[in-house]
Amino acid sequence: MGAALRRIQLGSALSAFGLGFTVPYLYVYVAQVRDLGAGTAGVVLAVFAMAALAVLPFTGRVIDRRGPLPVLVVASVVASLGAVALGFSSQVTAAVLSAAVLGAGTAVMQPALATMLVRCSDTGTRTRAFATQFFLQNLGLGIGGLVGGQIVDTERPASFTLLFLIEAVMFLVLGAVSATVRMPRVPAVAAGAAARGGMRVLLSHRAMVQLCVLGFVLFFACYGQFESGLAAYGTEAAGIKPSTLGIALAANTAVIVVAQFVVLRLVERRRRSRVIAAVGLIWAFAWIVAGYAGLGEGSQTMATAAMISTYALFGLGESMLSPTVAPLVADLAPESMIGQYNSAFALCKQLALAVGPAVGGPMGASLHGPYIVTFVLFSLGITVLALRLGRRLTPVQDQPSLAAVPSRVVAVSLPESASADVPAPVAAVH
49 MGAALRRIQL GSALSAFGLG FTVPYLYVYV AQVRDLGAGT AGVVLAVFAM
99 AALAVLPFTG RVIDRRGPLP VLVVASVVAS LGAVALGFSS QVTAAVLSAA
149 VLGAGTAVMQ PALATMLVRC SDTGTRTRAF ATQFFLQNLG LGIGGLVGGQ
199 IVDTERPASF TLLFLIEAVM FLVLGAVSAT VRMPRVPAVA AGAAARGGMR
249 VLLSHRAMVQ LCVLGFVLFF ACYGQFESGL AAYGTEAAGI KPSTLGIALA
299 ANTAVIVVAQ FVVLRLVERR RRSRVIAAVG LIWAFAWIVA GYAGLGEGSQ
349 TMATAAMIST YALFGLGESM LSPTVAPLVA DLAPESMIGQ YNSAFALCKQ
399 LALAVGPAVG GPMGASLHGP YIVTFVLFSL GITVLALRLG RRLTPVQDQP
449 SLAAVPSRVV AVSLPESASA DVPAPVAAVH
């Protein structure tokens, strides 16, 4: 399935490239270029996120019933329409509705792409497939943001419209490239109980529930703070310039791009739970470094260097998570519920991205000491949750390199309520 994986990765990277054109400039576009005000811009960003919460609970079941490919193609078309509409929106209602369509389309893409990667890989290749996707997506976002920055001009609304049109084209390219992929036939797995149980079966799967809780804490303590609490803390407590935040985010992306495959070689033969636990310790240290930046004891140069280092350390942790968390979701899922498991995890991620700024923003701006202490504790909580999760995983789930023979069967273990009714999976013969 090498050719299929390459096409999926290409489409994923190009769609990230398109997103990079517009995401950094969405607030400025709505508030200043279209002159709709900061309040409207905030509503547009909130609607963009809330649209994902509205569609993800239903996405997984559709993926499992219809297959990930048609879902991805439809989602790419919907996202493209949303991008075009937003590029021409000059009224509040049009901007809000366009953001809702765009947010819904991009949200559905995530579990659909993840399910396609699972279908086109096996236990032995899945870790590298997800790490490659994360690397290419970050590279695409970074390049898109840099190129978009050279095009935008706040005095010319047409320059922003061009960005949204480019984004729309990239979504269509994703759909077109994905449509050429020949997906493998799904093996007949006797998972009738899992298929009928739906969300009830997922919620009874204790390892998956623990992974979802862990995922919420991961995204809450990192991604949910990047452009809200941590940015507010950096400018208010550490006194760094807003332009420095751009450098810090660039450092984050640079670490991911440079370190991803070096880190992959170090972690792919180690226990996933131990790797995630190590990320918690790295992020706890990153928050301590951020705390030093806000103490005001050193020079402004030292504070700036500390904040940039904080973002870089977060990037190192992210590069360790990409080959561990997403493949683990796939390995926990019964064959008939891969889409639902991916969608459930994506929903937890989206909830964290919605709650994180609401909690971290005010704290980072005014409660500097409690803010740092809170997120040091959350990061240490990641370590504790990861080690507890490790006790619920089978040896192969926790360390896929132990598998002697790669298997296309994803469900090494099933949820407790379904395991009694489902025969043990048999490895496919290659």
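Oh and the sequence shown: position 334 is 382 in the working numbering, straight run, nothing missing.
Glycine included, each C-beta is placed from N, C-alpha and C at the ideal position.
Just so it is clear, the structure is predicted and the values come from calculations on it, not from any experiment.
Who are the near neighbours of residue i in its chain, counting only those whose CB is closer than 8 Å to its CB and skipping five residues on each side?
{"i": "G363", "result": "A299, N300, T301, A302, V303, I304, A307"}
{"i": "F264", "result": "C396, K397, L399, A400"}
Using DSSP with H/G/I as helix, E/B as strand and the rest coil, what is residue i?
{"i": "E316", "result": "coil"}
{"i": "S367", "result": "helix"}
{"i": "A179", "result": "helix"}
{"i": "V200", "result": "coil"}
{"i": "I386", "result": "helix"}
{"i": "D112", "result": "helix"}
{"i": "I288", "result": "coil"}
{"i": "M350", "result": "helix"}
{"i": "M231", "result": "coil"}
{"i": "F219", "result": "helix"}
{"i": "R439", "result": "coil"}
{"i": "T283", "result": "helix"}
{"i": "S138", "result": "coil"}
{"i": "A451", "result": "coil"}
{"i": "A381", "result": "coil"}
{"i": "H416", "result": "helix"}
{"i": "G172", "result": "coil"}
{"i": "S357", "result": "helix"}
Leaving out five residues before and five after residue i in sequence, what residues of the same chain have Cβ atoms less than 6 Å from its Cβ?
{"i": "A86", "result": "A79"}
{"i": "G438", "result": "S321, D446"}
With a CB to CB cut of under 7 Å and the five nearest residues on each side skipped, what residues in its chain are close to residue i?
{"i": "S207", "result": "I199, V200, D201"}
{"i": "V315", "result": "V323, M368, P371, T372"}
{"i": "P159", "result": "T107, G108, I111, G387, N390, S391, A394"}
{"i": "L104", "result": "A155, S391, A394, L395, Q398"}
{"i": "V91", "result": "V144"}
Rank the options by C-alpha distance to the C-alpha of residue i and give the top, closest one.
{"i": "Q445", "options": "A338, S321, S367", "result": "S321"}
{"i": "T163", "options": "S414, Q398, V424, I56", "result": "I56"}
{"i": "L220", "options": "L259, S60, L262", "result": "S60"}
{"i": "V71", "options": "R114, D112, G135", "result": "G135"}
{"i": "L428", "options": "L266, S384, S347", "result": "L266"}
{"i": "G197", "options": "A97, R230, F183, L74", "result": "L74"}
{"i": "A127", "options": "M218, F423, A341", "result": "M218"}
{"i": "A279", "options": "A177, I356, G66", "result": "I356"}
{"i": "F335", "options": "L194, T180, P443, Y281", "result": "The sequence given here has Trp at residue 335, not Phe. The candidate whose alpha carbon is nearest that of W335 is Y281."}
{"i": "K289", "options": "F333, V311, A353", "result": "A353"}
{"i": "F178", "options": "W331, P418, L312, G412", "result": "L312"}
{"i": "P405", "options": "A52, A94, A224", "result": "A94"}
{"i": "Q139", "options": "V125, L213, Y77, G294", "result": "Y77"}
{"i": "A64", "options": "V119, L194, G172", "result": "L194"}
{"i": "C270", "options": "G328, R254, H416", "result": "G328"}
{"i": "V310", "options": "A374, G365, L376", "result": "G365"}
Answer with buried or exposed for residue i, where buried requires no fewer than 16 other C-beta atoms within 10 angstroms of its C-beta.
{"i": "R204", "result": "exposed"}
{"i": "L150", "result": "buried"}
{"i": "A102", "result": "exposed"}
{"i": "A224", "result": "exposed"}
{"i": "M442", "result": "The sequence shown places Thr at residue 442, not Met. T442 should be labelled exposed."}
{"i": "M247", "result": "exposed"}
{"i": "R317", "result": "exposed"}
{"i": "R174", "result": "buried"}
For the putative contact between residue i and residue j, defined by C-beta atoms under 8 Å, what is the C-beta separation to the nearest angstrom?
{"i": "F268", "j": "V421", "result": "In fact, because the Cβ distance is near 15 Å, the residues do not count as touching under 8 Å."}
{"i": "G408", "j": "Q273", "result": "5 Å"}
Should residue i be flagged as near chain B, meaning a C-beta pair shorter than 7 Å?
{"i": "G130", "result": "Among the chains in the structure shown there is no chain B, since it carries only a single protein chain."}
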